[in-house]
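Asks:
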Amino acid sequence: MTDRRSPAWRLLILIIGAIALLGLVAAAACNDDDGGDDGSGDPAATMDDFDGGEGDDGNGDGGGDSLAELAAFGGDYDSYTGKVTYDITDFSTGDGAGLTGVTSMTIYQKNGSSRLDISNSDDDIIFISTPDASYLCSGGSDCLKYAADDELAGAAVSIFSGLFSADSINRSIDDIPAGLDFDVTSETIAGLDATCFKATGDLDPGQAGDESSEFCFSDGGLLLRLAFEGADQSSIFEATSASEDVLDSDFDPPYPVIDLGDLGDIFQP
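So the sequence shown is numbered by the numbering used here: it starts at 94 and just counts up by one.
Printed below as a string of structure tokens:
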């Protein structure tokens, strides 16, 4: 059966699902325990590249122009250098129960290295990915180090890198039904000029009445807000701060490191 839920809502579900899976990876790593350098590649965009312009105020007609403009914003997301903090609010089901308890997350990215800090009601999790190794830190006490070719770390890297890729964002945009009304507005979010596209209509046949999905981007394609509003479900994922001040040391593990590769030597004769 085709999933006809709101594109914004499905992307939000992907985000929180991946966060939850990262939590499971952290738990599995801790159970196993009981038993970096800059990358290279194409020149990265800086936060200056994401400082948007005025945008176009007004209402779209539901035709191709607003949708095409929205789709054009996602292309440079993968290459930015910066640190962005997002607040996550009102993830809820019909009975008001929170889905993950996640309240905020911060993404660091620079020269092929990435870091994700997650805060939730139970614990804080830090995931660091560099070209040489990956680190998973939980509980504020230690960090587990995985080799770059470790299968468990590789799965987490795939989840992490897929969360906020231009491809995943644009796939969600492509799923917006044709013929919807768009409001296109300009706002300032996290100190950056943002262009916001809000689609309203029958986005989720499983809910009564109309729903709305909103995507807000800076000019360079940095996602600044993702929101869904419906009768039974609502959520907001919004940037609260953005900076290009990312240090190489931000990708160093903040706590003592337990190298899982070294643990394997225990079982060697």
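Beta carbons are placed, not taken as given, at the ideal position from N, Cα and C, and that holds for glycine. On a predicted model such as this, the values are computed, not experimentally measured, just so you know.
#1: With DSSP as the reference, identify every bridge partner of V339, one or two as the case may be.
#2: Round the Cβ separation of S305 and A292 to the nearest angstrom and send it over; I've been treating them as touching at under 8 Å.
#3: DSSP three-state call for L353: helix, strand or coil?
#4: Could you check if P88 is buried or exposed, using at least 16 other CB atoms within 10 Å of its CB as the buried criterion?
#5: Are D216 and S234 close, meaning C-beta to C-beta below 8 Å?
#6: Out of K203, I218, V177, K176, state which residue places its alpha-carbon closest to the alpha-carbon of Y348.
#7: In terms of residues, what are the limits of the beta strand (DSSP E) holding Y228?
#8: For Y34, I'd like the list of residues in its chain whose CB is within less than 6 Å of its CB, leaving aside the five on either flank, ordered along the chain.
#9: Over what stretch of residues does the beta strand (DSSP E) that includes L315 continue unbroken?
#10: Suppose the cutoff is 7 Å on Cβ atoms and the five residues either side in sequence are ignored; what does the same chain contact list for D126 look like?
#11: Under the rule that 16 or more other beta-carbon atoms within 10 Å means buried, what is S336, buried or exposed?
#12: Taking buried to mean at least 16 other C-beta atoms within 10 Å of its own C-beta, is S328 buried or exposed?
#13: Keeping to the same chain, check which residues put their C-beta closer than 8 Å to that of M198; ignore five residues upstream and five downstream.
#14: Please list, in chain order, all residues of the same chain as G354 whose beta carbon is under 7 Å from its beta carbon, the five residues on each side excluded.
#15: Going by DSSP, what residue range makes up the beta strand (DSSP E) through F275?
#16: Go to Y201, then tell me how far its beta strand (DSSP E) extends in each direction, as first and last residue.
#17: If I follow the unbroken beta strand (DSSP E) through S222, where does it start and stop?
#18: Pull up the distance between the alpha-carbon of Y173 and that of F310, whole angstroms please.
#19: Here's a check: name, in chain order, each residue in its chain whose Cβ is nearer than 6 Å to the Cβ of S334, leaving out the five neighbours to either side.
#20: Note the first and the last residue of the continuous beta strand (DSSP E) segment covering S212.
#21: Can you tell me whether DSSP reads Y348 as helix, strand or coil?
#22: Measuring straight from C-alpha to C-alpha, what distance separates F308 and L316?
#23: Please go through the same chain and pick out, in chain order, the residues whose beta-carbon is closer than 8 Å to the beta-carbon of D149, but skip the five residues on each side of it.
#24: Looking only at its own chain, which residues have a Cβ that is under 6 Å from the Cβ of A332, when we skip the five neighbours before and after it?
#25: Report the residue from N204, F290, D341 whose alpha carbon sits nearest the alpha carbon of D312.
#26: Look at the alpha carbon of S227 and the alpha carbon of D341, and state the distance between them as a whole number of angstroms.
#27: Is DSSP giving D180 helix, strand or coil here?
Replies: According to the data block:
#1: As a position in the sequence shown, residue 339 is number 246, starting the count at 1. DSSP, once it has assigned bridges, lists no residue as partnering V339.
#2: Taking the first residue of the sequence shown as 1, we reach residue 305 at position 212. Taking the first residue of the sequence shown as 1, we reach residue 292 at position 199. Yes, S305 and A292 are in contact; Cβ-Cβ is about 7 Å, under 8 Å.
#3: In the sequence shown, the residue the question calls residue 353 occupies position 260. Three-state DSSP puts L353 in a helix.
#4: What the structure shows of the chain is the stretch from 94 to 362, and residue 88 is not part of that stretch, so it cannot be assessed.
#5: If you number the sequence shown from 1, residue 216 lands on position 123. If you number the sequence shown from 1, residue 234 lands on position 141. No. Outside cutoff.
#6: In the sequence shown, the residue the question calls residue 348 occupies position 255. With distances taken between Cα atoms, Y348 lies closest to I218.
#7: Sequence index remark: in the sequence shown, residue 228 carries index 135 (1-based). Counting along the chain, the unbroken beta strand (DSSP E) around Y228 starts and ends at 226-231.
#8: Only positions 94 to 362 of the chain appear in this structure, which leaves residue 34 out of reach.
#9: Locating residue 315 in the sequence shown gives position 222, where the first residue counts as 1. If you look at L315, you'll find it isn't in any beta strand (DSSP E); DSSP assigns it neither H nor E.
#10: Position 33 of the sequence shown holds residue 126. Note that D126 scores a pLDDT of 47, beneath 50, so its modelled location is shaky; the value from the coordinates is reported in the next line. Counting only residues of its own chain and dropping the five nearest sequence neighbours on each side, D126 has a CB closer than 7 Å to the CB of L237, I351.
#11: For the purposes of this step, residue 336 is taken as residue 243 along the sequence shown, with counting starting at 1. With a threshold of 16 other beta carbon atoms within 10 Å, S336 falls short and is exposed.
#12: Your numbering for residue 328 matches position 235 in the sequence shown. Counting Cβ neighbours within 10 Å, S328 comes out buried, since at least 16 surround it.
#13: As a working mapping, residue 198 is identified with position 105 in the sequence shown. Closer than 8 Å at Cβ, skipping near neighbours: I112, T178, Y179, I181, L209, D210, I211, S212.
#14: Stepping through the sequence shown from its first residue, residue 354 is reached at position 261. Answer for G354: A240, listed in chain order.
#15: Counting from one through the sequence shown, the residue named residue 275 turns up at place 182. It spans 274-282 - the beta strand (DSSP E) in which F275 sits, taken as one unbroken run.
#16: Here residue 201 corresponds to residue number 108 of the sequence shown, with the count starting at 1. That run of the beta strand (DSSP E) goes 197-203.
#17: Mapped onto the sequence shown, residue 222 falls at position 129. Where S222 is concerned, the enclosing beta strand (DSSP E) stretches over 217-222.
#18: Counted from its first residue, the sequence shown places residue 173 at position 80. Counted from its first residue, the sequence shown places residue 310 at position 217. Distance between the alpha carbons of Y173 and F310: 13 Å.
#19: Within the sequence shown, residue 334 is the residue found at index 241, counting from 1. Cβ-Cβ distances below 6 Å link S334 to T178, A283 in the same chain, with the five nearest sequence neighbours on each side left out; the list follows chain order.
#20: Sequence index remark: in the sequence shown, residue 212 carries index 119 (1-based). It spans 206-212 - the beta strand (DSSP E) in which S212 sits, taken as one unbroken run.
#21: Counted from its first residue, the sequence shown places residue 348 at position 255. Y348 falls in the coil class under three-state DSSP.
#22: As a first step, residue 308 is located in the sequence shown; it is residue number 215 there, counting from the start. As a first step, residue 316 is located in the sequence shown; it is residue number 223 there, counting from the start. Across the structure, F308 and L316 are spaced so that their CA atoms are roughly 8 Å apart.
#23: The residue given as residue 149 occupies position 56 in the sequence shown. Unreliable placement is indicated for D149, whose pLDDT of 40 sits below 50; the coordinate value is still reported in the next sentence. Spatial neighbours of D149 in its own chain (CB-CB distance under 8 Å, excluding positions within 5 residues in sequence) are listed in chain order as E162, V277, S279, T288.
#24: The sequence position of residue 332 within the sequence shown is 239, counting from 1. Cβ within range, chain order: V177, Y179, I282, A283, L317.
#25: Against the sequence shown, residue 312 aligns to sequence position 219. Taking only the C-alpha atoms, the option nearest D312 is F290.
#26: As a working mapping, residue 227 is identified with position 134 in the sequence shown. As a working mapping, residue 341 is identified with position 248 in the sequence shown. Approximately 15 Å between the Cα atoms of the pair.
#27: Counting from 1 along the sequence shown, the entry for residue 180 is found at position 87. Of the three classes helix, strand and coil, the one that applies to D180 here is strand, per DSSP.
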